[in-house]
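Student: Let me begin by handing over the structure; questions about it come next.
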Amino acid sequence: MSDDGLFQLGMDLAARDAGIDEIDSSGPRSTTQTEDNSDTAIAAIFTEDRLDHFIEKKGVKCAGAHLIIDLYDATKLDDLPYIKETLKECVEKAGATLLHIHLHPFQPMGVSGVAVLAESHISVHTWPEAGYAAFDVFMCGDAKPERCVEVLKRAFAPARTEVSEILRGEKVAREIA
Numbered sequence: 002m003s004d005d006g007l008f009q010l011g012m013d014l015a016a017r018d019a020g021i022d023e024i025d026s027s028g029p030r031s032t033t034q035t036e037d038n039s040d041t042a043i044a045a046i047f048t049e050d051r052l053d054h055f056i057e058k059k060g061v062k063c064a065g066a067h068l069i070i071d072l073y074d075a076t077k078l079d080d081l082p083y084i085k086e087t088l089k090e091c092v093e094k095a096g097a098t099l100l101h102i103h104l105h106p107f108q109p110m111g112v113s114g115v116a117v118l119a120e121s122h123i124s125v126h127t128w129p130e131a132g133y134a135a136f137d138v139f140m141c142g143d144a145k146p147e148r149c150v151e152v153l154k155r156a157f158a159p160a161r162t163e164v165s166e167i168l169r170g171e172k173v174a175r176e177i178a
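Those letters in the sequence shown? Residues 2 to 178, by this note's numbering.
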């Protein structure tokens with residue numbers, strides 16, 4: 002991936018090469034890690050001072066909750082500015098930290114894209130001609146991904162919504178707990 006591509010994802014190679022984890026200390030805490038397999042480094046993923054820390058959900062220690070959200074017979078699935086604002090609202094309602102949004106319109110219709118978060122991501126793929134949208138909402142730390150479901154329902158008025166949840170990284174959490 003080019004340096005420009007990394008910059009678009011919110012990664013600054015010059016800062017990384019200079020050993021700087023944060024450009025603006027008032028912004029989100031860095032989620033950048035170096036390779037270090039020591040017990041101290043592994044234990045660091047459980048600390049509460051990071052935005053991307055492991056969580057406990059339904060009694061299970063894990064990296065985070067990943068919601069697969071399918072909207073059927075939905076509206077406004079080709080409106081790129083509207084989708085962007087809806088993603089921003091999802092981030093806000095979930096209490097997450099937005100790093101970058103990139104959306105791509107397709108011809109003759111459809112949108113794909115991602116909101117990159119300090120706590121992971123929200124991705125979207127739409128098929129307006131079928132009234133279908135696929136959202137992935139993966140968040141860790143203190144973020145509440147389930148709050149995105151109501152935002153998406155209100156925004157796109159689907160006739161039917163299906164939500165599945167996967168708790169990610171359970172095996173890793175068990176190994177280092």
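Backbone N, C-alpha and C define an ideal beta-carbon position, used for all residues, glycine too.
Everything numeric in this text was worked out from a predicted model, so none of it was measured.
Assign His103 to one of two classes, buried (16 or more other C-beta atoms within 10 Å of its C-beta) or exposed (fewer than that).
Tutor: Position 102 of the sequence shown holds residue 103. With fewer than 16 Cβ atoms within 10 Å of its Cβ, His103 is classed as exposed.
Student: List the whole-angstrom C-beta distance separating Ala97 from Leu72, where the pair is believed to meet the contact cut-off of C-beta under 8 angstroms.
Tutor: Against the sequence shown, residue 97 aligns to sequence position 96. Against the sequence shown, residue 72 aligns to sequence position 71. That pair is no contact at about 20 angstroms.
Student: In its own chain, which residues sit with a C-beta less than 7 angstroms from the C-beta of Ala116, not counting the 5 before and 5 after it?
Tutor: Here residue 116 is taken as the residue at index 115 of the sequence shown, counted from 1. Excluding sequence neighbours, Ala116 sits near Leu88, Val92, Leu99, Ile102, His122, Ile123.
Student: Measuring straight from C-alpha to C-alpha, what distance separates Val125 and Ser113?
Tutor: Counted from its first residue, the sequence shown places residue 125 at position 124. Counted from its first residue, the sequence shown places residue 113 at position 112. Going from the Cα of Val125 to the Cα of Ser113 covers about 5 angstroms.
Student: What does the Cβ neighbour count give for Phe107, buried or exposed, with the cut at 16 atoms within 10 Å?
Tutor: Taking the sequence shown and counting its residues from 1, one reaches residue 107 at position 106. So Phe107 counts as exposed.
Student: Could you spell out the range, first to last residue, of the alpha helix (DSSP H) harbouring Ala97?
Tutor: The residue labelled residue 97 in the question sits at position 96 within the sequence shown. Counting along the chain, Ala97 falls outside any alpha helix (DSSP H), and DSSP gives it neither H nor E.
Student: Measuring CB to CB, does Phe157 end up less than 8 angstroms from Ala95?
Tutor: By one-based count along the sequence shown, residue 157 stands at place 156. By one-based count along the sequence shown, residue 95 stands at place 94. Result no, Cβ atoms of Phe157 and Ala95 do not sit closer than 8 angstroms.
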